[in-house]
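A short worksheet on the structure shown next.
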Amino acid sequence: MNIKLDLGLRIFSATAIAYGMAVVFSFALVPIFLLGFSSVISDAVYFSIMLSYVVCFAVAIASFSVTSVKRLYLSLFIAASIGLTIHAAFVSLCSPSHFIICS
Amino acid sequence: MKPTFRKSMIWLHTYAGLFFAWLLFAIFLTGTLSYYNTEISHWMRAQVNTNQHVEPSANDIQRALHTLSQRAPEAVQWGIDFADDRGGPMRLRYRTEEERHSWTVVASPETGTFVETNPLETRGGDFFRTFHYTLSLRDFGGRYLTGIAAMVMLIGVFSGIYTHRRFFQDFFTLRGPDKLKYLKDLHAVFGVVTIPFCFVICFSALLIYISMYVPFSIHHYFDSYRQLDSQVSTRYSRIEPQDDSLAKPANIPNMLAQLNAQWGSGYRLDSLSIDYPHRENARYIFTRDKGKYLSNKSESIALNHAGERLESMPKERLARNIRRIFYGLHEAHFAEPVLRAVLFSLGMMSSVLIASGVSIWLNKRQGKTQAKKDKWITKLHVGVTYGLCLAVAGYMLCSRFVSWQVAKGGSSAAMHTEPAASMNTNAMSVMDIELSLFFGIWLASVIACIVLANHLGKRLVFLACALAFSALFMQDLLAKHGVLLALQRGDLAYLTISLLLFLSAAYFAVRFYRLAINKTGAQENDTPRRGNKPQRKHVEESH
Amino acid sequence: MLFLLLLSSVACLSLAMNKHYKACFNRAISAPKERVLRLLGWGLMLVSLGMALVQQRGGSMGFQFMQWCCLLSVAIVLQVWLLNRVQQHKTQHGHKANNLKKANTRKKVNNIKEARNSKKTLAKN
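Protein chains in written order, with our numbering: chain A, -8 to 94; chain B, 207 to 749; chain C, 37 to 161.
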């Protein structure tokens, strides 16, 4: 693909998609903290947002360092899917009825 | 993207840095100035408000409580914010069901009580603080912009590490005469030295507004951020006032003894707030200074009127504490004068780092055929960076002018008794004038640099900065409430600002002189600074 | 006190580099000396870090560590500036000496070249 398209896609990935991944992981990390570290729901949300900044940063750096754009987008898509699956799988765990147990 | 990881990082560093350089420079410069926000406010108000920091004694507290009881006997909460050692004034406040009030006071030796004083109506140093995270665009999402800038700075610092080719061999190198080499080495040295500083500042900036930047999961799991906050942050439990009970007199000496027992002797009292002061079960909450703890929540003790300990706040868990520590690191309230000066110099180095990055890029392109846009960017660069320095000087000059007017208009006794600021009779209040002056000067210098030829614009801005800072410093030296009085009283806050003004004036004078004597037309840019150390306390240092 | 310790450790580490040692002392650094300076430098730095962390006068360890990092940054900048000054001082005052040196080495190189050339011509003949 030509250079301009390549550059455009990378910039889009480093800005919009990086932010999107941060959002996805701010959801996906919550069950991980709830189950893995047995945090309270409020702490889990806190930690996951703090780590989502790291995710955003990593995606921004990766957008410009991965050699092929196709591979970049593919891996980001897979990562996002994994994140959303984790969130969907455990969302029942964190539903309001479980709040009393979670918090 | 590029053949190697390193080359991609160089590309990223260059372009991410370039696009956000000016915004980041403005944020870092005003942010660095806000390390001294209380000192700047104190300096601005010095002529009108001669506050002196004194450790509050039991007597002072008693008198303050008496003042409050006269002013608001039936309040829900009283508060005393004690004067701090950075020049911050003492304030009293109260809160009723409907309203809140707070006012600055000063000890009046004649009446023996605390009398309301009318501080100069100015934003003071807090303008720089709020500017650096809102860009004065509070209602237009300024904080989002600064958040993006913080993330870009993190990317810039990280990619910069890879850009720096011989990281360890050139660790201490600073090559002299050649301008481009000098700039590159300066950029490298400052970059390396401020890696931890920039990382902490930028990451903590993102953490401070954790409710704003990625809020979606908060709103998914909670009703609002406030609900989340109520579950992570701890506070003193609400107490209900015992009706039909009269307040017992507060045993202040006993209370102070309790504080000394708990905190030793090296603390400074920050504030005292009293819940339901007119009832028997009034709760006295003493808060101390941040001391040498990084968290942005300072320790406090709750006592009853007799000085006995009441139930304390439960400790917060790890997640909240991590954010508190980063928040505390960012604000640096714990910094005593030497550490504050070091942090200030690190902040200045970061500002120079950002500005020198743009200069390097511009210098590199000078070798090639200079496109029109490069000329424009060079001019804009000078205008934006040095223009901001000039705007800061103008802002401080404005406050000096205003305080001179006020001092001319009335005696200090008059200032103590008049409730409303007499300066508010203008259609535009002083604060609006300050703001307009700040942005006006900034814009004017940008325009001047665009309109004039490159070397002329630079000389003009340097001259203006040198004159402005010299005027400020000279006025300081000669004024009645200036440096000499501060030296007498040991007013460190005031002296710090005076010293910074002197250093800025010296710096710009030297730069202007070097520019002015450089007569070779070929060299459009200024001569490199030979051996003029990028001093620790050099203010507004940038290329 | 801590700052002085840090500064000396940084100075040692920097002088352990050939480039800066040459600039200060006008001759290349020798391997054993380099090792000594490096050990001394890192050693002093560890000592200063230990001192900083152990100090109970101040607050938490985190605070002491942060203060140590800030002082380290300032020490590095100060050392860079000092080295820069030394370099400039040397170039300004040592210019004449350097020119002589350069002329001498040029002569030497020319002599060697001539000797080589004459050897070659001899070999050819």
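Idealized CB from N, CA, C, for every residue including glycine.
- Per DSSP, residue 57(A) lies in no alpha helix (DSSP H) and is assigned neither H nor E.
- Assigned with DSSP and collapsed to three states, residue 647(B) falls in helix.
- Membership of residue 306(B) in the beta strand (DSSP E) is indicated by the continuous run 306 to 314.
- At a Cβ-Cβ threshold of 7 Å, residue 449(B) and residue 283(B) do not count as neighbours.
- Exposed is the label assigned to residue 58(A), since fewer than 16 other Cβ atoms lie within 10 Å of its Cβ.
- Between residue 664(B) and residue 721(B) the beta-carbon gap is near 6 Å, inside 8 Å, which marks them as a contact.
- Under the criterion of beta carbons closer than 8 Å, residue 635(B) and residue 327(B) qualify as touching, at roughly 7 Å.
- Chain B has no Cβ within less than 7 Å of the Cβ of residue 45(C).
- In this structure, DSSP gives residue 508(B) an extended state, which the three-state scheme calls strand.
- Where residue 282(B) is concerned, there is no enclosing beta strand (DSSP E), because DSSP gives it neither an H nor an E.
- From the beta-carbon of residue 43(A), the residues of chain B found nearer than 7 Å are 420.
- The DSSP-derived three-state label of residue 542(B) is coil.
- Per the coordinates, the alpha-carbon of residue 392(B) lies some 19 Å from the alpha-carbon of residue 43(C).
- Shortest Cα-Cα distance from residue 640(B) to any of 504(B), 331(B) and 578(B) involves 331(B).
- Contact between residue 237(B) and residue 553(B) is confirmed by a C-beta separation of about 6 Å, below the 8 Å threshold.
- The secondary-structure analysis by DSSP pairs residue 481(B) across a beta bridge with 283(B) and 489(B).
- Counting only runs of at least 4 residues, the region -8 to 29 of chain A fully encloses the following alpha helix (DSSP H) elements, listed from N- to C-terminal order: -6 to 3 and 9 to 22.
- Judged by their CB atoms, residue 679(B) and residue 711(B) are nearer to each other than the 7 Å cut-off.
- A straight line joining the alpha-carbon of residue 52(A) with that of residue 469(B) spans about 47 Å.
- Residue 22(A) sits away from residue 73(A), with the two beta carbons spaced by 7 Å or more.
- With a threshold of 16 other beta carbon atoms within 10 Å, residue 97(C) falls short and is exposed.
- Judged by their CB atoms, residue 349(B) and residue 243(B) are not nearer to each other than the 7 Å cut-off.
- Unbroken beta strand (DSSP E) runs of no fewer than 3 residues, entirely contained in the region 509 to 536 of chain B, are not found.
- Interface residue (Cβ-Cβ distance to chain B less than 7 Å): residue 50(A) is not classified as such.
- For the C-beta of residue 50(C), the chain B residues within less than 9 Å are, from N- to C-terminus, 377 and 378.
- By the beta-carbon neighbour count (other beta carbons within 10 angstroms, threshold 16), residue 502(B) is buried.
- Going by beta carbons, residue 479(B) and residue 494(B) fall outside the 7 Å limit.
- According to DSSP, residue pairing for residue 296(B) in a beta bridge involves 311(B).
- Residue contact check for residue 482(B) against chain A: no CB pair falls below 7 Å.
- In this chain, the beta strand (DSSP E) harbouring residue 319(B) covers 319 to 322.
- Apart from sequence neighbours up to five positions away, the residues of its chain that approach residue 702(B) with a beta-carbon distance below 6 Å are 245, ordered along the chain.
- When C-beta atoms of the region 567 to 585 of chain B are compared with those of the region 269 to 286 of chain B, fewer than three pairs fall below 8 Å, so the two segments do not count as touching.
- Residue pairing of residue 475(B) in beta bridges, as defined by DSSP: 494(B).
- With contacts defined as CB atoms closer than 7 Å, residue 358(B) and residue 234(B) fail to qualify as a contacting pair.
- Here residue 302(B) is exposed, its C-beta having fewer than 16 other C-beta atoms within 10 Å.
- Around the beta-carbon of residue 61(C), fewer than 16 other beta-carbon atoms lie within 10 Å, marking it exposed.
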